[in-house]
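The next block holds one structure in the form of structure tokens; read it before the comments.
Residue numbers (this note's numbering): 186 to 275.
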């Protein structure tokens with residue numbers, strides 16, 4: 186089963202979803218091997234999400250949705266961490 190990578194956590198003001206525990210419990214029930222977060226313009230929930238996933242023995246992917254202004258307007262770009270250098274760049 187493919188991991189769900191587009192979660193918005195309670196740390197995102199406008200699009201936040203439920204608690205980590207509820208999300209992880211549902212993922213385990215559905216047999217999802219991993220979850221990923223991508224809050225808009227914030228990494229506020231990254232550490233708490235990581236700890237909750239580790240406690241439940243489920244893999245996690247950390248990311249952020251950033252708003253980029255281009256020549257044709259604004260658009261959203263999801264960026265995910267692959268390694269230590271990626272984390273530093275994010």
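Where a beta carbon is used, it is the ideal one built from N, C-alpha and C, also for glycine.
Annotated as proximal: residue 252 and residue 261, with beta-carbon spacing under 8 Å. One alpha carbon belongs to residue 221, the other to residue 230, and they sit about 11 Å apart. The same chain holds no residue with a CB closer than 8 Å to that of residue 257 once the five nearest residues on each side in sequence are set aside. 8 Å or more divides the Cβ of residue 244 from the Cβ of residue 193.
The continuous stretches of beta strand (DSSP E) do not include residue 210, which lies in the alpha helix (DSSP H) extending over residues 205-215. One thing to note: residue 197 has its Cβ no nearer than 8 Å to the Cβ of residue 217. The beta carbons of residue 213 and residue 241 sit about 6 Å from each other, so the pair counts as a contact at 8 Å.
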